[in-house]
Amino acid sequence: MSGLFLAEIVLPGVKRSVSVARRCVGEVLTVAGHEDVDDVRLVVSELVANAVAHTASGEPGGFVTVEISSVDAVTAYLEVIDEGAVTVPRVRNADADECRGRGLWLVEAVAAGWGVRDEGYRRRVVWAKMSTKNGTSACVARAGGRK
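Residue numbers (our numbering): 29 to 175.
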């Protein structure tokens with residue numbers, strides 16, 4: 029991915045790391061001049077939560093890495109790197125009464141693009157490209173343009 033590399037955050041593979049990743053990514057992008065990072069925070073939360081719950085990163089001693097880049101003034105690119113799993117992340121259609129299973133559906137709904145690639149033994153990358161242009165957040169649009 030071309031663009032300006034901003035940060036790499038390495039976190040233990042535990043649930044508490046989800047909120048840390050969300051906060052850090054938001055702060056890094058804001059400092060870099062991105063205006064609307066709500067959707068990026070949502071996406072990184074979902075991807076880190078999935079890494080902790082469904083990959084070897086969530087096992088004792090595991091970790092998750094988040095890399096953040098600025099493609100341009102209104103586009104961010106992030107990668108969540110985990111320690112791999114037998115399954116491949118995919119969007120699924122959760123039943124209405126299920127409390128889980130909508131994370132990648134949300135990622136697909138708000139990201140300009142996303143995907144998965146394996147980079148050898150115990151290294152899977154889930155990436156997302158996101159708009160950070162003020163007023164483009166899906167969260168803002170659903171609220172009628174108000175924050």
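Quick reminder that beta carbons are idealized off the backbone N, C-alpha and C, glycines included.
Beta-carbon within less than 7 Å of residue i's beta-carbon, same chain only, minus the 5 sequence neighbours each way: which residues are those?
| i | result |
| --- | --- |
| Leu32 | Ser97 and Ser98 |
| Gly131 | Glu74, Ala77 and Asn78 |
| Ser45 | Leu39, Val76, Val80 and Val92 |
Roughly how far, in whole angstroms, is the beta-carbon of residue i from the beta-carbon of residue j, given that I think they are within contact range, below 8 Å?
| i | j | result |
| --- | --- | --- |
| Ile37 | Val94 | 5 Å |
| Asp66 | Val92 | Contact flag wrong, Cβ pair sits at about 21 Å. |
| Thr103 | Ser159 | 6 Å |
Considering just the uninterrupted stretch of the beta strand (DSSP E) at residue i, what are its terminal residues?
| i | result |
| --- | --- |
| Arg150 | Taken as a continuous stretch (DSSP letters only), Arg150 belongs to no beta strand (DSSP E), as it is neither H nor E. |
| Thr103 | Thr103 to Asp110 |
| Ser36 | According to the sequence as given, residue 36 is Glu; it is not Ser. Its beta strand (DSSP E) spans residues Leu32 to Pro40. |
| Ala144 | Correcting the residue identity first, residue 144 is Val in this sequence and not Ala. It spans Gly141 to Asp146 - the beta strand (DSSP E) in which Val144 sits, taken as one unbroken run. |
Taking 6 Å as the limit between beta carbons, can you name the residues of its chain near residue i, skipping five residues before and five after?
| i | result |
| --- | --- |
| Ala171 | At Ala171, the pLDDT of 43 sits below 50, so the modelled position is not reliable; the number obtained from the coordinates is stated separately. Once the five neighbours on either side are set aside, Ala171 has no close Cβ partner at all. |
| Cys52 | Ile37 |
| Ala146 | The sequence shown places Asp at residue 146, not Ala. Counting only Cβ-Cβ distances below 6 Å, and skipping sequence neighbours, we find Arg152. |
Residues in the same chain with beta-carbon distance under 8 Å from residue i, minus the five sequence neighbours each way, listed in chain order, please.
| i | result |
| --- | --- |
| Ala113 | His82, Thr83, Ala84 and Arg152 |
| Tyr105 | Met29, Gly31, Ile96, Ser97, Ser98, Val99, Trp155, Ala156, Lys157 and Met158 |
What are the boundary residues of the alpha helix (DSSP H) that includes residue i?
| i | result |
| --- | --- |
| Val94 | Unbroken run through Val94 is the beta strand (DSSP E), Phe91 to Asp100; no alpha helix (DSSP H). |
| Ala113 | It is not in any alpha helix (DSSP H) - Ala113 carries neither H nor E in the DSSP assignment. |
| Val53 | Arg44 to Val59 |
| Val72 | Asp66 to His82 |
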